[in-house]
Amino acid sequence: MKTYAGIPEENASLENSKVVLVTVPYDGTSTWGKGADKGPELFLDASENMELYDIETGTEPYLEGVYLAGEISENSTPEAMTEAVYQKTKELLATDKLFTLFGGEHSVSIGSIRAVGEKFENLTVLQLDAHTDLRPEFHGSTSNHACAVFEANQKHNLVQVGIRSMDAEEVEYLPEGRVFFAHEIANNENWVNDVLEKVSGNVYITIDLDAFDPSIAPSTGTPEPGGLQWYPTLELLKKVFEKCNVVAFDIVELMDSAYSKPSAFLAAKLYYKMLAYYHINKD
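Residue numbers 15 to 297, in our numbering, belong to the letters of the sequence shown in order.
Structure (structure tokens):
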């Protein structure tokens, strides 16, 4: 039996796990760098090669259990993929465990945010990303990666962090007062607290790895310069887990390339750190 991070089977069963993890190896709408369909495989491989003791929190998050809930392989159309993710998310939310997802490109988040938003009222969607992803539709589909949070912005409290690339047509859709552009973050020592003021209640965190600077996460579809750094991002996430009720999170856009290992390891550590922050605030 394959388990997350190679953890013992007794920590990997559904009944013994407080966390469920679904993978979506989908890369159907990406427009430049291809290879995000290999992201889950790279992430799981890197996870098996990291230490399972978290120094910062003094914990071993895997002891709380992580259940690998399988992969969603539907890729006939973007809309069919979105529906498959939506249905699987609904099914796993019924277990009342922390729902986590690893993509794939960012369009995989549309279905999971939709399902989480149906279960949890007063939802804040915290998006860490280089791009706004606020197009109503792109290349003939509303389930395109460029539309990843358009629906979330219509229905929920969307907060965007790390943005440094967008199309002119997206300006009208920006969530007013809740966009933290990378160039502003770079000159604001208080940016983490400013973000926290906008995040409350039940929270879904969606992290596109291109939110990070390509100096630390180069293997992603569109590596934009000027991104977030590791420790300040962890500070933000830790405080969000402390302040709010994080009900689900996803990480997307890890791309296969000749330089994928550093990015895959960052993704693996990021996921595990988020589990650590989740558990220390639940216990």
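Beta carbons are placed, not taken as given, at the ideal position from N, Cα and C, and that holds for glycine.
Per DSSP, residue 279 is one residue of the alpha helix (DSSP H) stretching across 274–296. Here the segment 277–292 makes no contact with the segment 147–158; the two share fewer than three CB pairs at distances below 8 Å. Taking all protein chains shown into account, residue 120 has 16 or more neighbouring C-beta atoms within 10 Å of its C-beta and is therefore buried.
Between the alpha carbons of residue 150 and residue 168 lies a gap of roughly 10 Å.
C-alpha of residue 138 to C-alpha of residue 258: approximately 10 Å in a straight line. Within the same chain, Cβ atoms closer than 6 Å to the Cβ of residue 96 are found at 124, 125 and 157, the five residues on either side in sequence being excluded. By the Cβ neighbour-count rule, residue 94 is exposed, with fewer than 16 other Cβ atoms within 10 Å of its own. Between residue 269 and residue 49, the beta carbon gap of about 4 Å places them in contact (Cβ cut-off 8 Å). In the three-state reduction of the DSSP assignment, residue 221 falls in the strand class. Judged by pairs of C-beta atoms under 8 Å, the segment 141–150 touches the segment 173–186, as three or more such pairs exist. Scanning its chain for C-beta atoms nearer than 8 Å, with the 5 sequence neighbours on each side dropped, one finds around residue 249 the residues 206, in chain order.
Residue 177 carries a strand assignment under DSSP once its states are collapsed to helix, strand and coil. If you check the CB distance, residue 67 and residue 26 do not come in under 8 Å.
In terms of Cα proximity to residue 261, the closest of 130, 213, 190 and 230 is 130. The residue from 71, 226, 191 and 44 with its alpha-carbon nearest to that of residue 173 is 191.
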